[in-house]
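Residue numbers (my numbering): 492 to 1037.
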Amino acid sequence: MSRLKISSTLNNEIFEYEIKSAETRIGRSNYGKSGIRNDLVLSDNQVSREHCVITKRSTNYYVRDLGSANGTFVNGERISAERLLSEDDIIQVGHYFISLKLEEVPPPPPPPKMSNTVLLRSSNPSVLVAREELAKLLLEKSQAIPEETRKELEQLRRKAEILSYLYELSSLFNSIFSFEEIFDRMAEMLFRITPAERCLVQLKDPETGELKTKFIKFRSEQHNKDELISPPRAIVDQVIREQVSLLSLDAQMDERILGKSVILQNVQSVICCPLTANNKPLGVLYIDTHKSNMVFSPEDLDLMNAIATQTSMALDNAATHERLMKEALAREAYSRFLPDHIVNEILSSPDSLKLGGVNKEATILFADVRGFTPLSERLRPEQVVELLNEYFTNMTEIIFANNGLLDKYIGDGMMVLFGVAYAAEDAPSNAVRAAIQMQQRMCILREKFKRLYNAETNIGIGINTGTITVGYIGSNRRMEYTGIGDAVNLAARLESNTKPSQILISSYTNSLLAGKYPTRPLGSISVKGKSQPQEVYEVLWQEVPL
């Protein structure tokens, strides 16, 4: 079967059209000014409503201009009379370039062997129905008059054409995850196969539930930019309320939907279909015409229903893809500072990520590299970064393994919270165990840093337990999960009083350990911000086996 290969310089569109009859009429709209339906519709303002016709006589093809405003060109030359075509010729219609592709009809396949009983059927039930209808028609109408047979065959051809459009749309949607692109491709399809002049999509706002216009496209770019762009409210309300598709052949006389907006917008014919996903309404897909001689048919409604279903599935897939992408990015970002259980909590309940906090007992750990300032002055900047990255990577691994929450990095130091997500009674033990493992890991890192940077590195760690306020603090644009309170300040003061490789804990934290780890009292020390001396204990981490 011969085909027309079409390409456009407007949107880099390339597609093929199968020549199905002796005449292939080409124009900008579904019907020309003479009322004859166009076979090939090209959406371009430089294409006339009825532009040209390609005619087949015997085995030859001819092209003839139909009095178009901008003319029909063959190989760059404007034609004034019918022109014989070859496969080497290029027809130009507006911004579209058309070439003829002649194909020989392949020989029929050999009949299947009947020795083995094998039945093959298409997995697409619509294709099967069309095929069975065609077989039935050919059997029943073998003696019918040719005109009746021709009409019914034309209906079947139309069904097959619709199926090919739906397959094309489904193939496109499989690789598209942008709402705007989904709507744009859908509108292009509707303009190609229906007389629609305007296409709109309204979607429900997830917070308010109100319908908002998310997409609008006109067949012609020469529309009035000041005209109303919302579909008539009466139509949309009925479609959303009853979750049924609506076709109005004459909206100006249809009492079901007639309203002020229908009259003001001069709507003549309408199709509106619901968009749904997982049995939940998403919004509506709406097309209309403003010309009384361009009316939608029941076949257009069936097609619109099918396209609405495809579009709903594509929107659901795109939303799922976007959610998974956001979750992946969020997980990657959060996992740098939070253990997996906190990340999972945030992703499973995004609404919990709000400003505010709660009071709860927690254990706070501060750690700091001793003598880092003179060390950073001696090393090159890139060496300082390498050293800190190595140090923080090792320490964060230990913190997460002990159910700690990395609150923040503070220069060469860090603040960690224990007990804000797990049982509070385990927090002191988890914090001290993490501190011991950090000091033990530093013994290994110290040797490495000395070899690489000739640097002596030690850390001091301070730990305290008390009631703090924990939550998301900051602004709506940037917030962080943190803890604040007097207990946090005391933990920081204990850390500032440590000697290299020392772990200091408060008396309250020590009492909660119940002798689980070896400690020794250091008496009372004065700390900044406290009027009374604070009793502290040192954790004898060297006595704890690795």
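Yeah, the Cβ is synthetic: ideal placement off N, Cα and C, and Gly gets one too.
| Item | Value |
| --- | --- |
| Boundaries of the beta strand (DSSP E) in which L694 is found, first to last residue | R689 to K695 |
| Which residues DSSP lists as bridging V875, in chain order | Partner(s): none; V875 has no beta bridge. |
| Three-pair Cβ contact test at 8 angstroms for the region 931-946 versus the region 891-910 | no |
| Inter-residue CB distance, H586 and E688 (contact presumed, cutoff 8 angstroms) | Their Cβ separation, rounded to whole angstroms, is 20 angstroms, which puts H586 and E688 out of contact at 8 angstroms. |
| Where K1057 falls, given that 16 or more other Cβ within 10 Å makes a residue buried | In the structure as shown, the chain starts at 492 and stops at 1037, and residue 1057 therefore has no counterpart that could be examined. |
| Cβ contact (3+ pairs, closer than 8 angstroms) linking the region 854-864 and the region 901-908 | yes |
| Collapsed DSSP secondary structure at Q583 in the structure displayed | strand |
| Burial state of V979 (16 or more Cβ within 10 Å) | buried |
| Straight-line gap, L531 to K703 (C-alpha atoms, nearest Å) | 34 angstroms |
| Cβ shell of V692 (< 7 angstroms), same chain only, five flanking positions each side left out | F674, K705, F706, G774 and L776 |
| 7 angstroms Cβ shell around D556 - same chain, five flanking residues per side excluded | C543, G562, T563 and I570 |
| Three-state secondary structure (DSSP) of V620 | At V620 the pLDDT is 45, less than 50, meaning the model places this residue with poor confidence and gives no usable figure here. |
| P1036 classed as buried or exposed, judged by whether at least 16 other C-beta atoms fall within 10 angstroms | exposed |
| When E986, Q874 and S1015 are compared against R942, the one with the closest alpha-carbon | Q874 |
| CA nearest to the CA of N1054, picked from I950, T956 and F940 | Because the chain spans 492 through 1037 in this model, residue 1054 falls outside it and cannot be assessed. |
| Inter-residue Cα distance where the pair is N1038 and L806 | Residue 1038 is absent from the model: the chain starts at 492 and stops at 1037. |
| Beta-carbon separation (whole angstroms), V554 vs I545, contact threshold 8 angstroms | 5 angstroms |
| Strand pairing of S590, partner residues [DSSP] | K496 and I581 |
| Residue range of the unbroken beta strand (DSSP E) whose run includes A768 | S760 to A768 |
| As assigned by DSSP and simplified to three states, the class of V437 | The question about residue 437 has no answer, for the chain in this structure spans 492 to 1037. |
| Nonlocal neighbours in the same chain, by C-beta distance under 6 angstroms from Y1028, ignoring five residues either side | I996, N1001, T1010 and P1012 |
| Secondary structure, beta strand (DSSP E): runs of 3+ residues fully inside the region 878-904 | 895-901 |
| Cut-off 6 angstroms between Cβ atoms - residues of its own chain near I589, not counting five sequence neighbours on either side | L495, I497 and I582 |
| Nearest-angstrom Cα separation, counted from G1006 out to S1017 | 25 angstroms |
| Selected residue, minimal CA-CA separation from S493, among I505, L501, E509 and T500 | E509 |
| Same chain only: Cβ atoms within 7 angstroms of K845, ignoring 5 sequence neighbours per side | Low confidence applies to K845: its pLDDT is 48, below 50, so where it sits in the model is not reliable, and the reading given next is rough at best. Y963. |
| Counted within 10 angstroms of its Cβ, other Cβ atoms place E916 as buried (16 or more) or exposed | exposed |
| Element boundaries [alpha helix (DSSP H), containing Y999] | S998 to L1004 |
| Inter-residue Cα distance where the pair is M816 and G1020 | 46 angstroms |
| Opposing strand residues paired with D506 [DSSP bridges] | Note on residue identity: the sequence assigns Phe, not Asp, to residue 506. In the DSSP output, where bridge partners are listed per residue, F506 has I497. |
| Extent of the continuous beta strand (DSSP E) run through S739 | L737 to S739 |
| Where T500 falls, given that 16 or more other Cβ within 10 Å makes a residue buried | exposed |
| Residue closest to G558, alpha-carbon to alpha-carbon, out of E541, M680 and E568 | E541 |
| Same chain, Cβ closer than 8 angstroms to L681, neighbours up to 5 away in sequence not counted | A687, C690, I778, M795 and I798 |
| Which of helix, strand or coil DSSP assigns to I805 | This sequence places Ala at residue 805; Ile is not what is there. Correct three-state label for A805: helix. |
| CB contact flag (P765, K695, <8 angstroms) | no |
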